[in-house]
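So for the sequence shown, the working numbering puts the first residue at 28; every next one is plus one.
Notes follow the structure.
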Amino acid sequence: MSVPDSVAAMGAYRESIADPEAFWLRAAAAIDWHTPPRSALDHTDPHAWRWFPDGMLNTSHEALDRHVDAGHGDRPALIFDSAMTGTRRRFTYTELRDEVATLAGALRSLGVEFGDRVIIYLPMIPEALVAMLACARIGAVHSVVFGGFAAAELAARIDDAQPTALLTATGGLEPGRTVDYLPTVSKALALSASPPSTVIVKHRPEVSADAVTPAGWLDWDTVVADAAPVDAVPVPANHPLYVLYTSGTTGKPKGVVRDHGGHAVAMAWSMASIYDVHPGDVMWAASDVGWVVGHSYIVYAPLIAGATTVLYEGKPVGTPDAGAFWRVITEHDVNVLFCAPTALRAIRKEDPDGALLADYEMPSLHTVFAAGERLDPETYHWAANRLGRPVVDHWWQTETGWSICANLRGLEPMPVKPGSASLPVPGYHVKVVDAHGGDVAAGQEGNIVIALPLPPGSLLGLWNSPERFVDSYLRAFPGHYATGDTGYFDDDGYLFVLGRSDDVINVAGHRLTTGSMEAVVATHPAVAECAVIGVPDALKGERPAAYVVLKSGATVDAQTLRADVVALVRDQIGPVAALKDVFAVPALPKTRSGKILRRTMRQIAAGEEYAVPPTIEDPGVLDALAAATVPSG
């Protein structure tokens with residue numbers, strides 16, 4: 028099914044599909060180009076799209092210098108809030124520009140040239156943001172690797188990117204523990220076939236006591252103190268801004284490549300049109316650098332828009348309690364919060380009645396956005412009712428870099444439908460098709476695909492892997508980008524994303540989406556969050572099993588819980604679901620970005636060998652999961 032007429036009637040969307048070049052060339056006027064583009068798109072290669080191919084600009088200039096040059100240098104650009112150390116620090120646009128320009132000068136003096144790659148392995152501290160913008164300033168290509176990755180994963184990314192330099196810190200801070208980075212970096216360099224010639228270390232007072240810096244590694248503060256600032260270098264619009272690695276099915280990470288030009292235009296357009304954030308507003312994306320949300324909406328988009336961004340080192344709970352988010356919003360006058368549904372569920376689990384909200388008024392907050400995984404209706408209703416603000420789910424991927432579907436709060440706001448990621452965003456010609464690429468009817472589940480070319484801001488390809496790019500995204504449905512997700516359009520054009528294609532299970536010949544069952548299980552009053560997976564069954568082929576995390580203080584015995592959940596699924600989905608196995612577990616295994624590791628759960632439930640995923644938040648959760656053994660079918 029293609030986008031229904033109800034969506035196509037929306038002015039911005041209709042124009043973006045009918046005349047994408049005119050639409051995006053007009054949007055490009057929001058950017059301060061060194062050489063303005065005269066053409067919008069080069070799509071002569073069916074497997075490639077290049078936006079604004081004759082334009083020249085620099086993202087660091089877009090994010091910093093142009094605001095200073097326009098007289099807004101005293102406006103707050105960055106608020107650093109560390110719940111781990113109690114640090115609160117503000118940077119004006121002038122102060123942030125100066126720090127970025129100086130680090131850029133230091134990198135250049137150390138031999139980092141235009142087009143070189145730089146690996147950034149830093150915790151949630153201002154230096155991470157400064158490093159990204161400094162690389163962009165001199166035309167170097169940065170690749171941020173999340174600080175929780177182990178040495179082998181870091182080494183794999185080093186070998187693929189082949190960086191000239193690596194920037195790191197002595198460590199990161201988490202509730203109850205310190206994460207030492209230097210041993211991990213040392214081991215990764217020993218494992219790597221292409222180690223960088225330069226390593227720069229930021230010493231943090233909280234984690235420097237026992238840190239021993241290997242010989243030849245450079246001290247960040249010393250390097251910066253001796254450096255002269257440099258101006259931003261104009262680069263072609265299609266020059267790579269960054270490579271962001273995402274997990275691949277082969278075990279080798281996929282390096283998603285983002286450009287300067289299309290990315291800057293998409294970020295500027297999305298801030299005003301989707302998030303309704305404008306110069307001087309405060310946006311907080313409660314994510315991490317190293318994940319796409321952190322790249323797009325902690326670092327680049329807010330600064331390109333002239334807004335203030337919040338960089339938070341802490342957790343939604345435990346730093347010190349489930350009121351941490353409300354404190355940050357209140358203290359820093361946050362207008363828009365962007366977080367993962369898992370953060371809202373964690374807060375709900377610890378404070379189901381929202382009692383801690385009574386300590387914070389949050390008058391500045393006008394919208395909460397959620398992404399990273401499906402916002403289930405129960406969590407949506409809890410957040411919307413407790414906060415009294417619009418709670419908006421939207422859907423996108425590392426590869427797209429910004430929303431595929433969203434509610435355009437700053438342009439054409441629409442009613443919210445719980446469980447839906449709202450409507451396709453201008454530029455994304457979204458379809459729902461069957462296995463052969465044929466359209467399906469409204470309400471019928473299918474594969475979600477996007478007609479080519481993808482809009483500005485989406486990936487240019489995969490680093491060093493053009494064939495893998497085509498195989499991974501373009502070959503299954505010719506002329507379309509395969510999202511790997513399934514879902515359906517309703518009659519009003521709202522898209523409901525049900526889950527990854529491999530989260531569809533076949534129960535006695537019936538294809539069932541685990542996401543639809545999760546939505547039902549989550550309605551149980553004692554359930555804080557849940558995951559439903561398919562496990563092998565000798566008779567039916569597969570059968571669903573539900574793993575649930577109970578709300579804080581909930582008391583229900585295993586037998587009653589099972590009976591209740593089975594009855595709910597039977598009533599709302601039907602006996603065909605054949606749900607019989609329900610297990611209460613202390614927590615679900617998740618990545619640091621909040622995604623539930625369903626593939627690992629399926630391997631454990633099936634008794635298969637599995638590797639501990641490098642992206643996992645807490646490996647200890649897997650032991651508890653293994654203890655909840657699924658009975659044989």
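For every residue, glycine included, the Cβ atom is placed at its ideal position computed from N, Cα and C.
In this text the structure is predicted, and so the values were computed from the model without any measurement.
query, result
"Close Cβ partners of Val251 (< 7 Å) along its chain, the five nearest in sequence each way excluded", "Thr129, Leu130, Ala133"
"Own chain residues within Cβ distance below 6 Å of Arg231, not counting five before or after", "Ala196, Thr197"
"Segment limits, beta strand (DSSP E) that includes Val284", "281-286"
"Same chain only: Cβ atoms within 6 Å of Glu154, ignoring 5 sequence neighbours per side", "Lys229"
"Opposing strand residues paired with Pro103 [DSSP bridges]", "Thr119"
"With 16 other Cβ atoms within 10 Å as the buried cut-off, status of Arg53", "exposed"
"Three CB pairs or more closer than 8 Å across the region 431-442 and the region 290-306", "yes"
"Reference Ala161, options Ala462, Met544, Pro63, Ala254, closest by Cα", "Ala254"
"Cβ separation of Tyr120 and Gly100, assumed to be a contact under 8 Å, to the nearest whole Å", "5 Å"
"Runs of beta strand (DSSP E) wholly within the region 594-633 (minimum 3 residues, chain order)", "608-611"
"Ordered list of beta strand (DSSP E) runs contained in the region 357-420, each at least 3 residues", "363-366, 394-397, 418-420"
"DSSP state of Lys214 mapped onto helix, strand, coil", "helix"
"Per-residue DSSP class, three states only, for Asp258", "coil"
"Contact under 8 Å by Cβ, Arg619 with Thr642", "yes"
"Cβ pair count under 8 Å reaching 3, the region 102-119 against the region 336-353", "yes"
"When Gly203, Ala158, Asp650 are compared against Leu193, the one with the closest alpha-carbon", "Ala158"
"Ala558 (DSSP reduced to helix, strand or coil)", "strand"
"Cβ pair Pro256, Gly199 closer than 8 Å", "no"
"Val292 and Leu487 closer than 8 Å at C-beta", "no"
"Burial state of Glu494, where buried means 16 or more other Cβ atoms lie within 10 Å", "exposed"
"Beta bridge counterpart(s) of Gly473 as assigned by DSSP", "Gly514"
"For Val168 and Phe396, the rounded distance between their alpha carbons", "29 Å"
"Limits of the unbroken alpha helix (DSSP H) element including Met687", "Here the chain has residues from 28 to 660 only, and residue 687 is not among them."
"Extent of the continuous alpha helix (DSSP H) to which Phe496 belongs", "493-496"
"Exposure of Asp386, with buried meaning 16 or more beta-carbon neighbours within 10 Å", "exposed"
"Beta-bridge pairing of Cys432 - partner residues as DSSP gives them", "Trp422, Pro451"
"Ordered list of alpha helix (DSSP H) runs contained in the region 306-352, each at least 4 residues", "328-331"
"Rounded Cβ spacing between Pro190 and Ile146 (contact assumed at less than 8 Å)", "5 Å"
"Status (buried if at least 16 other CB within 10 Å, exposed otherwise) for Gly282", "buried"
"Exposed unless 16 or more other CB atoms sit within 10 angstroms - verdict on Asn265", "buried"
"Integer-rounded CB distance, given that Pro482 should sit under 8 Å from Tyr521", "With a Cβ gap of about 20 Å, Tyr521 and Pro482 do not count as contacting."
"Backbone CA spacing between Ser659 and Lys622 [nearest angstrom]", "Note that Ser659 has pLDDT 44, beneath the 50 cutoff, so the model's placement of it is unreliable and the number below is only indicative. Each residue's alpha carbon lies about 27 Å from the other."
"Cβ-Cβ distance between Met294 and Ile331 below 8 Å", "yes"
"Of the residues Thr394, Gly174, Arg124, the one placed nearest Arg164, counting alpha carbons only", "Arg124"
"Euclidean distance between Cα positions of Glu545 and Cys557", "6 Å"
"Range of the contiguous beta strand (DSSP E) that encloses Asp461", "Here Asp461 belongs to no beta strand (DSSP E), and DSSP marks it neither H nor E."
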